[in-house]
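I have placed the structure first, in the form of structure tokens, so that the comments after it can refer back to it.
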Amino acid sequence: MAPCKSIAEDKAQHADNVKKSNDRVIKRPAWGSHRFRGGMLNITPKRGTEKELTIRQSSGVVQDRVFVPEPSERTNTFALMRACRQIYAETALLPTTTNVFQLTNCSTFWIAPKSFRKYQLRQIIEVRVEVNDLHFQRCYEVYLKQLFEVNKLSIFPNLRSVHFCVHGSKARVYTSLSVCSAFLHEHFGDQMRAAGYDMVVEKMDIDIRNHTR
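Note that the sequence shown covers residues 1 to 213 in UniProt numbering.
This is the structure:
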């Protein structure tokens, strides 16, 4: 029967074979990489390959170029902001300065300007009134009187011109342009001149139902 070794003696022999080190340095594999205790990656070549690594960096692929990182601080931080402000200043007023404020009924005139800001109302210099010559005097006399006698146009401080576009209807015979123009000048000519507005009456060869769709 084989002699029995004690467990304590076996543990003691096993402990003697373990290498003890006090430098607390983490050993890395021969051809691998590891991180330092601070978390940085150790990329130092091992087995004396520093010369080989230098030759690779000077190869024809890299072309001996020196790579310089971009500066961490911006050289001109306000250039883009100035450009954006300039573009906005030049284009923000285009919708109101280049387009025509058009009216087709009195309720539109009372409601639509409420959506504009004051600086937008100052940019409107022309108002176009779209009317139909069908029963012209009977249908539009009350509407136009409400529009101008109440002086609703005063909400446009820089208004210069009021353009009346009289549309016809294919279903009936056109009213004479002279009749429409005489009616408008008779009822609103004095008010236009007193307010300093230029009044223009134009006959449109298109049905108002097709024009306002």
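We treat Cβ as the ideally placed atom computed from N, Cα and C, and that holds for glycine.
Rounded to the nearest angstrom, how far is the Cβ of residue 125 from that of residue 99, given a contact under 8 angstroms? As a position in the sequence shown, residue 125 is number 125, starting the count at 1. As a position in the sequence shown, residue 99 is number 99, starting the count at 1. No, residue 125 and residue 99 are not in contact; Cβ-Cβ is about 11 angstroms, not under 8 angstroms.
Determine, using beta carbons only, whether residue 164 and residue 129 come nearer to each other than 7 angstroms. Counting from one through the sequence shown, the residue named residue 164 turns up at place 164. Counting from one through the sequence shown, the residue named residue 129 turns up at place 129. Yes, the Cβ-Cβ distance between residue 164 and residue 129 is below 7 angstroms.
Report the start-end ranges of each beta strand (DSSP E) in the region 92 to 121 that is 3 residues or longer and not cut off at the edges. 101 to 103
If we count the other Cβ atoms within 10 Å of its Cβ and call it buried at 16 or more, is residue 68 buried or exposed? Position 68 of the sequence shown, counting from 1, holds the residue named residue 68. By the neighbour-count rule (16 or more Cβ atoms within 10 Å), residue 68 is not buried but exposed.
Could you check what DSSP says for residue 37 in three-state terms: helix, strand or coil? Working through the sequence shown from its first residue, we reach residue 37 at position 37. Coil at residue 37, not helix or strand.
Considering just the uninterrupted stretch of the alpha helix (DSSP H) at residue 186, what are its terminal residues? For the purposes of this step, residue 186 is identified with residue 186 of the sequence shown, where counting begins at 1. Element bounds for residue 186: 177 to 195.
Buried or exposed: which applies to residue 197, given that a residue is buried once 16 or more other Cβ atoms fall within 10 Å of its Cβ? Your numbering for residue 197 matches position 197 in the sequence shown. Buried, since its Cβ has 16 or more Cβ neighbours within 10 Å.
Using C-beta distances below 6 angstroms, list every residue in its chain close to residue 135, excluding the 5 sequence neighbours before and after it, in chain order. On the sequence shown, position 135 is the one that residue 135 refers to. Below a pLDDT of 50, predicted positions are generally treated as unreliable, and residue 135, at 49, falls in that range; no measurement from the model is reported.
Ends of the beta strand (DSSP E) at residue 158? Looking up residue 158 in the sequence shown gives position 158. Neither: residue 158 is in no beta strand (DSSP E) and is coded neither H nor E.
Quick check on residue 135: does DSSP put it in helix, strand or coil? Translated into positions along the sequence shown, residue 135 becomes position 135. Residue placement at residue 135 cannot be trusted, given a pLDDT of 49 that sits under 50; the coordinates are not used to answer.
So what's residue 70 in DSSP terms, helix, strand or just coil? Within the sequence shown, numbered from 1, the residue matching residue 70 stands at position 70. Correct three-state label for residue 70: coil.
If you draw a straight line from the alpha carbon of residue 189 to that of residue 115, how long is it in whole angstroms? Working through the sequence shown from its first residue, we reach residue 189 at position 189. Working through the sequence shown from its first residue, we reach residue 115 at position 115. Their backbone Cα atoms lie some 29 angstroms apart in a straight line.
Look at the alpha carbon of residue 205 and the alpha carbon of residue 131, and state the distance between them as a whole number of angstroms. Start at 1 with the first residue of the sequence shown, and residue 205 comes out as number 205. Start at 1 with the first residue of the sequence shown, and residue 131 comes out as number 131. The straight-line gap from Cα to Cα measures roughly 12 angstroms.
List the residues that DSSP assigns as beta-bridge partners of residue 128. Against the sequence shown, residue 128 aligns to sequence position 128. Answer is 102, 163, bridged to residue 128.
What's the gap between the Cα of residue 185 and the Cα of residue 177? Numbered from 1 along the sequence shown, position 185 holds the residue referred to as residue 185. Numbered from 1 along the sequence shown, position 177 holds the residue referred to as residue 177. Cα to Cα, the separation comes out at about 12 angstroms.
In its own chain, which residues sit with a C-beta less than 6 angstroms from the C-beta of residue 103, not counting the 5 before and 5 after it? Here residue 103 refers to the residue found at position 103 of the sequence shown. Counting only Cβ-Cβ distances below 6 angstroms, and skipping sequence neighbours, we find 109, 129.
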